[in-house]
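What follows is a short report on a single structure.
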Amino acid sequence: MKASLRFAPLLILLLIARCSAQVSIDGATTFSLATVEQGRAVLGADDLYIQNQTAWERGARMQISAEESAKDFLAFETQNVLPWTAADRRKLIPILESLVQPLSPYASLYPKNVLFVKTSGREEYGAAYTRSNAIMLK
Numbered sequence: 006m007k008a009s010l011r012f013a014p015l016l017i018l019l020l021i022a023r024c025s026a027q028v029s030i031d032g033a034t035t036f037s038l039a040t041v042e043q044g045r046a047v048l049g050a051d052d053l054y055i056q057n058q059t060a061w062e063r064g065a066r067m068q069i070s071a072e073e074s075a076k077d078f079l080a081f082e083t084q085n086v087l088p089w090t091a092a093d094r095r096k097l098i099p100i101l102e103s104l105v106q107p108l109s110p111y112a113s114l115y116p117k118n119v120l121f122v123k124t125s126g127r128e129e130y131g132a133a134y135t136r137s138n139a140i141m142l143k
């Protein structure tokens, strides 16, 4: 029994590594399932995407008839970030791992870190989209 306990820290580290949901492509790029905080940081950024939107467009994306401020739109965006569930991770990690070999020749073209952010989809009519170094999925 004591011998099996010696391996408990290793098992815990392996489980943590698997739960961290990261896949590396040739050490140049890491695909990660974003935490809620990471997703909110991306969607809450006052970046060129936000700066180039009109108040009407922000209202339309929020599915309301009024024009909206950038501040209100950013709050709306960040409210739509969701946590990845264990079931999500079980589905997505093998998919990301299957992309390692075909994407390896192009790894230097990608950002160092690519985040996959889970959202409700309400902020973009249910469509997948990119922003900064992130890919938003419903």
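If you count the sequence shown from 1, position 131 lands on 136 in the numbering used here, and the numbers rise without skipping. Ideal Cβ placement from N, Cα and C applies to all residues, glycine included.
Residue of the options minimising C-alpha distance to residue i
i      : options                     : result
Lys123 : Arg45, Glu73, Met141        : Met141
Gly49  : Val28, Glu82, Gly64         : Glu82
Pro88  : Leu38, Ile55, Val105        : Leu38
Glu128 : Pro110, Asp51, Met67, Glu62 : Met67
Arg63  : Asn118, Lys96, Phe78        : Phe78
Tyr130 : Ile69, Ala46, Ile98, Ala60  : Ile69
Gly126 : Glu73, Ser103, Gln84, Ile98 : Gln84
Arg45  : Ala80, Thr59, Asp93         : Ala80
Which of helix, strand or coil DSSP assigns to residue i
i      : result
Arg11  : Its pLDDT being 39, under 50, Arg11 is placed unreliably in this model, and the value from its coordinates should be taken loosely. Arg11 falls in the helix class under three-state DSSP.
Tyr134 : strand
Ser113 : helix
Ile140 : strand
Ser103 : helix
Leu16  : Caution applies to Leu16, whose pLDDT of 32 falls short of 50 and renders its modelled position unreliable; the model cannot decide the point.
Arg127 : helix
Cβ separation of residue i and residue j, assumed to be a contact under 8 Å, to the nearest whole Å
i      : j      : result
Thr35  : Gln27  : 5 Å
Ile55  : Ala75  : 5 Å
Leu101 : Gln43  : Their Cβ separation, rounded to whole angstroms, is 16 Å, which puts Leu101 and Gln43 out of contact at 8 Å.
Asp51  : Ser109 : Their Cβ separation, rounded to whole angstroms, is 35 Å, which puts Asp51 and Ser109 out of contact at 8 Å.
Ala33  : Ser113 : 5 Å
Val47  : Ala139 : 4 Å
Ala91  : Glu73  : The Cβ separation is near 35 Å, so there is no contact.
beta-carbon residue i near the ligand FAD non-hydrogen atom, thresh 7 Å
i     : result
Arg63 : By its list of ligands, the structure shown contains no ligand whatsoever, and the ligand FAD lies outside what it can speak to.
query: Taking the runs of the beta strand (DSSP E) that are 3 residues or longer, which of them lie wholly in the segment 51–96?
result: Segments of the beta strand (DSSP E) lying fully in the segment 51–96: there are none.
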